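Start counting at 1 in the sequence shown, then tack on 19, and there's your number in my numbering.
C-beta atoms are modelled at their ideal positions from N, C-alpha and C, and glycine is treated no differently.
None of the values given here were measured: they were computed from a predicted structure.
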Amino acid sequence: MPRITIRVSESALADLESLRTWYKEQGVPEIGDRFLSEILDRIDLLRQHPEMGRVVPEFDQPALRELIHPPFRIVYRREKSRVQIVRIWRSERLLRLPPTDDA
20 MPRITIRVSE SALADLESLR TWYKEQGVPE IGDRFLSEIL DRIDLLRQHP EMGRVVPEFD
80 QPALRELIHP PFRIVYRREK SRVQIVRIWR SERLLRLPPT DDA
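Next up, the structure:
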């Protein structure tokens with residue numbers, strides 16, 4: 020099986036930056052750095068296992084999936100030969116998709 024290409028949307032990159040900034044402002048930047056590293060490791064697993072996430076319950080679309088990495092949701096679109104990371108949010112937030120961007 021060929022490896023899947025992973026693309027990260029601008030909205031997901033902004034989410035990661037916000038995550039890092041929030042933990043820094045709380046005085047615990049090492050926790051933000053740890054979460055960021057763990058999230059990126061989880062995303063990398065999608066190269067070999069793109070179906071590992073569950074279908075996002077709010078949308079019930081097979082191509083829109085998510086990995087739960089408490090307390091975060093890593094939301095992605097599964098396409099034929101790539102995975103598009105859409106958002107990385109706190110898991111208690113309901114998902115609203117941004118307009119499609121090809122970051």
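What number of angstroms, rounded off, separates the C-alpha of residue i from the C-alpha of residue j?
i	j	result
T24	R101	4 Å
F78	A33	22 Å
L83	V74	6 Å
I107	R96	12 Å
L30	G46	The question names Leu, yet the displayed sequence has Ser at residue 30. Computed Cα separation, rounded: 25 Å.
R26	Q103	5 Å
Quick one: what's got a C-beta closer than 8 Å to residue i's C-beta in the same chain, skipping five residues either side?
i	result
P48	R39, Y42
Considering just the uninterrupted stretch of the beta strand (DSSP E) at residue i, what are its terminal residues?
i	result
I25	24-27
Q103	101-109
V148	No information on residue 148 is available, as it lies outside the stretch 20 to 122 that the chain covers here.
Taking only three categories from DSSP, how would you classify residue i?
i	result
A122	Summary for A122: the model assigns pLDDT 45, below 50, so the residue's position carries little reliability; its value from the coordinates is reported in the next sentence. Correct three-state label for A122: coil.
E77	coil
Grab the span of the alpha helix (DSSP H) containing residue i for me, first residue to last.
i	result
S65	Note that residue 65 corresponds to Leu in the displayed sequence, not to Ser. Run containing L65: none; DSSP gives neither H nor E here.
With 16 as the cutoff for other CB atoms within 10 Å, does residue i come out buried or exposed?
i	result
I87	exposed
G51	buried
L59	exposed
L65	buried
Within a Cβ cutoff of 6 Å, which residues of the same chain sit near residue i, ignoring the five residues on either side of it in sequence?
i	result
R109	P90
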